[in-house]
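Participant: There's a structure below that I have some questions on.
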Amino acid sequence: KAGVTQTPRYLIKTRGQQVTLSCSPISGHRSVSWYQQTPGQGLQFLFEYFSETQRNKGNFPGRFSGRQFSNSRSEMNVSTLELGDSALYLCASSFGVGLYNEQFFGPGTRLTVL
Amino acid sequence: KQEVTQIPAALSVPEGENLVLNCSFTDSAIYNLQWFRQDPGKGLTSLLLIQSSQREQTSGRLNASLDKSSGRSTLYIAASQPGDSATYLCAVYSGGYQKVTFGIGTKLQVIP
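Line by line, the protein sequences are chains A and B.
To convert, note that position 105 of the first sequence is 507 in the working numbering; the numbers rise steadily by one, no gaps.
To convert, note that position 99 of the second sequence is 108 in the working numbering; the numbers rise steadily by one, no gaps.
Have a look at this one:
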């Protein structure tokens, strides 16, 4: 069974731009969660989608948004990029809704904001 | 607010040694706890998931224990190998809205 895939793997953007990241979950998994990882803050939860609906949200500004499609693939969008948005963005999938289900992570997208 | 602490932040051991990584959390009302490993620049690999009703889980050379009342979990690695070198993270799932809190991790280096 293929694992969680994320595209692109690396991105370089400049301040003020926007970016869209993509995540394809493990086949049969309907929940996709997004996380931001930085050296200073560690891993922080962004949001969780299940059946095309946002079910759970962390403490991030509205510049961070996401959506999920009927095939469970998910996208995350960050608008008006700031230098502090430079991070490794990870998505994870699980079979059921709720973060307490076992999470399987993708390799991440490394975003650099210049 | 749940806070998760992992001690030590870094650990270097010779190959073959048994070792223990620690994870402590402040709110004992948790759903479960999951241990991950992360290789440099990579995503997380799930190692063990312990439900709140369980005391321990084992997988190969790994054993994780959970003591909710004291807010602690330990990950025991037996007969460490150079391939075990990675950062080990614990994640605690808690809260009415199913929040997750990660520790900063323990960076493990196993020296051949």
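All C-beta atoms in this analysis are idealised placements derived from N, C-alpha and C, irrespective of residue type, glycine included.
Ignoring anything shorter than 3 residues or poking outside the region 14-44 of chain B, list the beta strand (DSSP E) runs there in chain order.
Facilitator: Runs found: 19-23 and 28-34.
Participant: Just the C-alpha distance for I39 of chain B and I59 of chain B, rounded to the nearest angstrom, thanks.
Facilitator: Spanning the two alpha carbons is a distance of roughly 11 Å.
Participant: What separation, rounded to the nearest whole angstrom, lies between the Cα atoms of V101 of chain B and R46 of chain B?
Facilitator: Approximately 15 Å between the Cα atoms of the pair.
Participant: Please state whether the Cβ-Cβ distance between W436 of chain A and Y491 of chain A is less than 8 Å.
Facilitator: It is a contact, given that the beta carbons lie within the stated cut-off.
Participant: Since I believe S82 of chain B is in contact with L42 of chain B (beta carbons under 8 Å), could you give me their beta-carbon distance rounded to a whole number of angstroms?
Facilitator: With a Cβ gap of about 5 Å, L42 of chain B and S82 of chain B count as contacting.
Participant: Can you pull the chain B neighbours of Y502 of chain A, defined as C-beta to C-beta under 7 Å?
Facilitator: Y40, N41, Y102 and Q107, listed in chain order.
Participant: Please state whether the Cβ-Cβ distance between S21 of chain B and I120 of chain B is less than 8 Å.
Facilitator: Yes, the pair counts as a contact, with Cβ atoms nearer than the cut-off.
Participant: For Q456 of chain A, which beta-bridge partners are listed by DSSP?
Facilitator: Q456 of chain A is bridged to A:Y451.
Participant: Taking the C-alpha atoms as reference points, what is the distance between R64 of chain B and S453 of chain A?
Facilitator: So the two alpha carbons sit approximately 33 Å from each other.
Participant: Cβ atoms of I113 of chain B and Q11 of chain B: under 8 Å apart, would you say?
Facilitator: No, the pair does not count as a contact, with Cβ atoms beyond the cut-off.
Participant: Given a limit of 8 Å on CB to CB distance, which residues of the region 487-516 of chain A reach chain B?
Facilitator: Answer in chain order: L490, L492, A494, G500, L501, Y502, E504, Q505, F506, F507, G508, P509, G510 and R512.
Participant: Between the alpha carbons of P23 of chain B and Y85 of chain B, how many angstroms are there, rounded?
Facilitator: About 15 Å.
Participant: Kindly examine the ligand PLP and report whether one of its heavy atoms sits closer than 7 Å to the Cβ of G430 of chain A.
Facilitator: Among the components of this structure there are no ligands whatsoever, and the ligand PLP is therefore not found.
Participant: So does the region 423-430 of chain A actually touch the region 441-456 of chain A, counting three or more Cβ pairs closer than 8 Å?
Facilitator: With the cut-off at 8 Å, the region 423-430 of chain A and the region 441-456 of chain A do not touch.
Participant: DSSP three-state label for D487 of chain A, please.
Facilitator: Correct three-state label for D487 of chain A: helix.
Participant: Hey, would you say T482 of chain A sits closer than 8 Å to L413 of chain A, going by beta carbons?
Facilitator: For T482 of chain A and L413 of chain A, no; Cβs fall outside 8 Å.
Participant: Is the Cβ-Cβ distance between G52 of chain B and G508 of chain A less than 8 Å?
Facilitator: Contact flag set, yes.
Participant: Listing by chain order, which chain B residues have their CB less than 9 Å from the CB of F447 of chain A?
Facilitator: Ordered by position in chain B, the residues that pass the 9 Å Cβ test against F447 of chain A are K108, V109, T110 and F111.
Participant: Please compile the residues from chain D whose C-beta is within a distance smaller than 8 Å of the C-beta of K51 of chain B.
Facilitator: Among the protein chains of the structure shown, namely A and B, there is no chain D.
Participant: Is there a Cβ of chain A sitting closer than 8 Å to that of L98 of chain B, yes or no?
Facilitator: Yes, contact with chain A.
Participant: Mind checking Y106 of chain B: buried by the 16 CB within 10 Å criterion, or exposed?
Facilitator: Residue placement at Y106 of chain B is poorly supported in this model, since its pLDDT is 49, which falls under 50; the coordinates still yield a value, given next. Its Cβ having fewer than 16 others within 10 Å, Y106 of chain B is exposed.
Participant: Using a beta-carbon distance cut-off of less than 8 Å, what residues from the region 463-490 of chain A approach chain B?
Facilitator: Result list: L490.
Participant: By the 10 Å Cβ neighbour count, where 16 or more other Cβ atoms means buried, how is D48 of chain B classified, buried or exposed?
Facilitator: Under this definition D48 of chain B is an exposed residue.
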